[in-house]
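Single-structure report; data block below.
There are 2 protein chains.
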Amino acid sequence: MKLATLKDGTRDGRLVVVSRDLTRYAEAGQVAHTLQFALDHWQQVAPALIQIAERLEAGNEPNLPFREQEAASPLPRAYQWADGSAYVNHVELVRKARNAPMPQSFWTDPLMYQGGSDGFLCPHAPILLADEAYGLDMEGEIAVIVDDVPMGASYEQALKAIRLIMLVNDISLRELIPSELAKGFGFFQSKPASAFSPVAVTPDELGEAWERGKVHLPLLVSLNGKPFGRANAGVDMTFDFGALIVHAAKTRNLVAGTIIGSGTVSNKQDGGFGKPIDQGGNGFSCIAEIRMIETILHGVAHTPYMTFGDRVQIEMRDQKGHSIFGAIDQVVTPKIKTS
Amino acid sequence: MKLATLKDGTRDGRLVVVSRDLTRYAEAGQVAHTLQFALDHWQQVAPALIQIAERLEAGNEPNLPFREQEAASPLPRAYQWADGSAYVNHVELVRKARNAPMPQSFWTDPLMYQGGSDGFLCPHAPILLADEAYGLDMEGEIAVIVDDVPMGASYEQALKAIRLIMLVNDISLRELIPSELAKGFGFFQSKPASAFSPVAVTPDELGEAWERGKVHLPLLVSLNGKPFGRANAGVDMTFDFGALIVHAAKTRNLVAGTIIGSGTVSNKQDGGFGKPIDQGGNGFSCIAEIRMIETILHGVAHTPYMTFGDRVQIEMRDQKGHSIFGAIDQVVTPKIKTS
């Protein structure tokens, strides 16, 4: 089943069921008016939503054309957004670029930060930026939405609680990160609102590509229309989503609708940290990685962060080349000061 | 106006209007069924809620006895909980206890972390703890709930966006903090669910005690029935709530219902870091502070963190001695492993 939230002027938008090929949608309001409502009552409402999806595929449900531009993030606002850093290659690279050794424990104890969840950008919304000097970067990631997870949940409980899968652009303001992290309390200003893919899908939609909490498909990231990354999300993921959820739930319950992110998808290649696509590599899911490799190789980074007018697209295609989640497609745009 | 949320088996509870003396409540469901709904539509619904409050005070509104035990946190779950550390005395003490110099910038650039907001404890709920070795501590704080705040908001915009004020117990697992902060991504497992006071009040309810984003009253913290802290929340607050909101909104919008916390209320005394109440001081709003002072004075902390059966109460009284927000009243209780 594929679900989306259409913008309708309300804070939570309107839940719809989307056809597998992303061309049509059917209303779901009779079952659940918002995705959060559906997640709050999943056991009760999921069967009825699945029926709508089946009728839509069979051509037996009233429907309208689905346009990604009309979609909000599946959860336009959420009660929790906790983002891991499951691709330890990415973390190793960050450390290496600044000559800081990576603790061995990073291979067994996941990094995770609490992100802001009160408002997400629409998948095709501009990224409003007040100052290019903030060093805006995209981060292509996978995320899951979970049902209620009790404190101290086991790995199997965690895996079973995964209801939906999406893509994320975890927008980062790189030049604000060092001073913010140096303060010791983690990210805040350096992680503005994220954007999620137009469509969230149940794990069964991924078929064999979904296996034990990993998505075994390349994450396609483009920068200004050119392929920038195609790292496989199932490769080098040190902590699968089951492990990330267990980590998040160690000392507290997670409430239905909690979003857990994978962190930047990142592959090792040829025994090294990764190579650009135009050099035959899998490229990168964020600009920071290529800058770190440039720093390691040449002592200085020359690829700039995103500036006004730059465009990022993040997508994932199935074995047949069909888009699974629709595309995140955003242009960096000056924020005009209004106050 | 004083508002509370009664537990009713739903995730968001039921909004009620509470009398100034906290003895009676009137239903508000005809106007707004939940506090989040009221915040989502504040301009439209606040006048009607104020009318209910006025009729309740005048004895002209059907009402029932208000019992704090029946209250959830005013927002049982929220879209954002961002907690500052506005009492820099507290931060200075933390640093001094581990012989780390405090950067000068800490006096001008607020510390703030993104807390988990998907589920808050009820004000009289037990604090379920899996392991006493986690080092459970209370943190008595003030918090405000804001309306929508645009990215880049000014200080005056920020102050005007404050809708409600509450107390918080920002529960911390002290022994998990050092290794978690060392990872660089801030708090996660070390900050389990917080609890808020039974009642949230509009700023006017504080009269002259509310001034330019500060609450000029002592925060009363008791441990096992004995006074432990009475630090004045209006004293030594380096960053008032206006400044904290400006900080939070620097790179993103804040959505209505966002909760901003003050951090542990903490007063300097006699030119020093603070003194226990039984030595004539204002005491402390968390155990960590007295442990840090013990460490500074004697090289070792001897006051233990909270263990099973320990009880914390957090309250604030007006000039006449009447409770303003009701009391947070929680007992540390073993979490039985169910998985």
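First to last, the sequence lines map onto chains A and B.
Numbering of the first sequence is given in UniProt numbering, commencing with residue 1 and proceeding in unit increments.
Numbering of the second sequence is given in UniProt numbering, commencing with residue 1 and proceeding in unit increments.
Even glycine gets a Cβ: it sits at the ideal position worked out from N, Cα and C.
Please read these numbers as outputs of a predicted model, since none were measured by experiment.
Cβ neighbour criterion (16 or more within 10 Å) applied to residue i
i	result
F325 of chain B	buried
I336 of chain A	exposed
A182 of chain B	exposed
N169 of chain B	buried
S339 of chain A	Because S339 of chain A carries a pLDDT of 49, less than 50, the predicted location of this residue cannot be relied on, and the following value inherits that uncertainty. By the neighbour-count rule (16 or more Cβ atoms within 10 Å), S339 of chain A is not buried but exposed.
D270 of chain B	exposed
S179 of chain A	exposed
H247 of chain B	buried
S172 of chain A	buried
H302 of chain A	exposed
P47 of chain A	exposed
S105 of chain B	exposed
A249 of chain A	buried
T34 of chain B	buried
Q36 of chain A	buried
Beta carbon of residue i nearer than 7 Å to that of residue j
i	j	result
G274 of chain A	A86 of chain A	no
L136 of chain B	M292 of chain B	no
F239 of chain B	F120 of chain B	no
S266 of chain B	N89 of chain B	yes
A209 of chain A	L220 of chain A	no
V31 of chain A	L56 of chain A	no
L159 of chain B	G242 of chain B	yes
A256 of chain B	D109 of chain B	no
A53 of chain B	M102 of chain B	no
Residue i to residue j span [Cα, whole Å]
i	j	result
R14 of chain B	Y25 of chain B	12 Å
R77 of chain B	H298 of chain A	49 Å
S190 of chain B	H124 of chain A	36 Å
I314 of chain A	A327 of chain A	6 Å
M112 of chain B	E70 of chain A	34 Å
E141 of chain A	A97 of chain A	21 Å
A28 of chain B	I145 of chain B	19 Å
M166 of chain A	R212 of chain A	16 Å
D131 of chain B	P304 of chain B	14 Å
L64 of chain A	T258 of chain A	30 Å
V18 of chain A	V199 of chain A	8 Å
A100 of chain A	T307 of chain A	29 Å
Q330 of chain B	N60 of chain A	55 Å
Q114 of chain B	I260 of chain A	15 Å
T5 of chain A	N224 of chain B	49 Å
L75 of chain A	A231 of chain A	26 Å
L206 of chain B	R11 of chain A	31 Å
P126 of chain B	Q319 of chain B	30 Å
M138 of chain B	I287 of chain B	7 Å
D83 of chain B	D21 of chain A	43 Å
P192 of chain A	S117 of chain B	17 Å
E289 of chain B	V300 of chain B	13 Å
V149 of chain A	Q157 of chain A	8 Å
Contacts of residue i in chain A (Cβ-Cβ under 7 Å)
i	result
D40 of chain B	R11
Interface residues of chain B facing residue i [CB-CB closer than 7 Å]
i	result
S117 of chain A	Y79 and Q80
P192 of chain A	T251 and R252
T258 of chain A	D118
V255 of chain A	R77, D118 and G119
L173 of chain A	T251
Three-state secondary structure (DSSP) of residue i
i	result
N89 of chain B	helix
S179 of chain A	helix
G242 of chain B	helix
L39 of chain A	helix
residue 342 of chain A	Residue 342 of chain A falls outside the range modelled here, since chain A spans only 1 to 339, and no answer is possible.
D118 of chain B	coil
S339 of chain B	Only weak support exists for where S339 of chain B lies, its pLDDT of 49 falling under 50; the coordinates are left without a value.
D131 of chain A	coil
L220 of chain B	strand
S190 of chain A	coil
P203 of chain B	helix
E211 of chain B	strand
L56 of chain A	helix
Chain-ordered neighbours of residue i on chain B, where CB pairs are closer than 8 Å
i	result
residue 347 of chain A	Since the first and last residues shown for chain A are 1 and 339, residue 347 of chain A lies out of range.
P334 of chain A	In chain order: nothing, as chain B lies at least about 12 Å away.
Within chain B, partners of residue i - CB distance below 9 Å
i	result
M237 of chain A	Correct list: empty, because the minimum Cβ distance to chain B is about 18 Å.
L159 of chain A	Going along chain B, no residue has its Cβ under 9 Å from L159 of chain A, so there is no contact; the nearest lies around 13 Å.
Within chain A, partners of residue i - CB distance below 9 Å
i	result
L181 of chain B	G184, F185 and G186
Partners in chain A for residue i, counting only beta-carbon separations shorter than 8 Å
i	result
V144 of chain B	Near V144 of chain B there are no residues of chain A at all, since even the closest Cβ is about 15 Å away, more than 8 Å.
L15 of chain B	In chain order: nothing, as chain A lies at least about 17 Å away.
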